[in-house]
Amino acid sequence: MEKQIEEMAKVLCKNYGGCGNCMFFPSCDVKPLAILLHDADYRKASEVAEEIFAEIVKTIHRYMPIIKNYQWQGNLINDLAELKKKFTKTEAEK
32 MEKQIEEMAK VLCKNYGGCG NCMFFPSCDV KPLAILLHDA DYRKASEVAE
82 EIFAEIVKTI HRYMPIIKNY QWQGNLINDL AELKKKFTKT EAEK
């Protein structure tokens, strides 16, 4: 939790007129706003995508015994893994 708040504070600080000195996070001017955003469940899109893909995979695994075409199963899982990579990459990884 603290790490997520720190990341939010750094983004706010850098882009929206915070203290500009995120090396000193505990005393950062935007830390209270970052805490409010965190408590309101604001998260990175990649984290939300991660949760969505986890649910999709769980659902597909429930139907795997019904699907008799094993090649199709493998292709589906591989395609989902590629989509997950695409939508859960961080800005640094892009």
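Counting from 1, position 52 in the sequence shown corresponds to residue 83 in our numbering; the numbering is continuous, with no gaps. Beta carbons are placed, not taken as given, at the ideal position from N, Cα and C, and that holds for glycine. All values reported here derive from a predicted model rather than from experimental measurement.
Exercise for the section: Count the other C-beta atoms from every protein chain shown that fall within 10 angstroms of the C-beta of Lys-62, then say buried if there are 16 or more, exposed otherwise. Expected result: buried
Exercise for the section: Return the CA-CA distance between Lys-45 and Glu-82, expressed in angstroms with no decimal places. Expected result: 28 Å
Problem - Coarse secondary structure for Met-39, derived from DSSP in three states - result: helix
Exercise for the section: Give the single residue among Met-39, Tyr-47, Pro-96 and Lys-120 whose Cα lies nearest to the Cα of Asp-70. Expected result: Met-39
Exercise for the section: Report whether the distance from the Cβ of Asn-109 to the nearest heavy atom of the ligand COA is below 6 Å. Expected result: Only the bare structure without any ligand can be found here, which leaves the ligand COA out of the picture.
Handout entry: Limits of the alpha helix (DSSP H) - the one that Val-88 falls within
Key = 76–94
Handout entry: Rounded straight-line distance, which links the Cα of Glu-37 to that of Arg-93
Key = 38 Å
Exercise for the section: Using 10 angstroms around the beta-carbon of Ala-112, count the other beta-carbons present and answer buried if the total reaches 16, otherwise exposed. Expected result: exposed
Handout entry: 6 Å CB neighbourhood of Lys-89 in its chain, flanking five on each side removed
Key = none
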